[in-house]
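I have placed the structure first, in the form of structure tokens, so that the comments after it can refer back to it.
Shown next, in the form of structure tokens:
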């Protein structure tokens, strides 16, 4: 168990280092890891509400709103009012946001290719299956934890 936990820590730290250096090296933009994750999530869910995307990323709404303001200033995202409920803000990528995210994706793809070329095809497939299993297990635990939390937090006001 200890070895497993240590390997996860190392993997997480190395991936974070990659992401922190990525934007300077690939597109020259000063984009934080949080902003990069927001860009990816907005691309996957164009026109989604701020609340939905913040929830998906596990970021509190106040922090998320601050990040969105910074990203609007950099012309990476557009915020617009929902036609159904003017109190709800919806997000979309701007052309600049799409361009920056494509640069980041290309950098990550090249970096990943460099890793994979050091492995045999069998090792690549084994790692991919293992990561998929790990992600599924983490997601299942997360859903269980959220369900348990909601039993005790029924007095919380929805955002």
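Numbering (my numbering), first residue to last: 22 to 180.
Note that beta-carbon positions come from the ideal geometry of N, C-alpha and C, so glycine has one too.
These numbers were taken from a predicted model, which means no experiment stands behind them.
By the Cβ neighbour-count rule, residue 152 is exposed, with fewer than 16 other Cβ atoms within 10 Å of its own.
Only exposed fits residue 102, as fewer than 16 other CB atoms lie within 10 angstroms of its CB. Every beta strand (DSSP E) stretch that sits fully inside the stretch 41-113 and reaches 3 residues is listed by chain position as 98-102.
In the DSSP annotation of this structure, the continuous segment of the alpha helix (DSSP H) that includes residue 131 starts and ends at 116-137. In terms of Cβ geometry, residue 97 and residue 80 do not form a close pair [threshold 9 Å]. Per DSSP, reduced to three states, the secondary structure at residue 151 is helical. Residue 74 and residue 93 do not touch by the CB rule: their CB atoms are close to 14 Å apart, not below 8 Å.
Residue 71 sits buried, since 16 or more C-beta atoms from the chains shown fall within 10 Å of its C-beta.
Only residues of its own chain outside the window of five on either side were considered, and among them 53, 55, 56, 59, 80 have a CB closer than 8 Å to the CB of residue 88, listed in chain order. In this structure, the CA atom of residue 86 is about 10 Å from the CA atom of residue 110. One alpha carbon belongs to residue 138, the other to residue 84, and they sit about 39 Å apart.
The three-state reading of DSSP puts residue 33 in helix, counting H, G and I together. Counting C-beta atoms within 10 angstroms of its own C-beta, residue 38 has fewer than 16 neighbours from the protein chains shown and is therefore classed as exposed. Ranked by Cα distance from residue 35, the options 51, 133, 155 are led by 133. Between residue 155 and residue 163, the alpha-carbon positions lie close to 12 Å from each other. Across the structure, residue 125 and residue 144 are spaced so that their CA atoms are roughly 26 Å apart.
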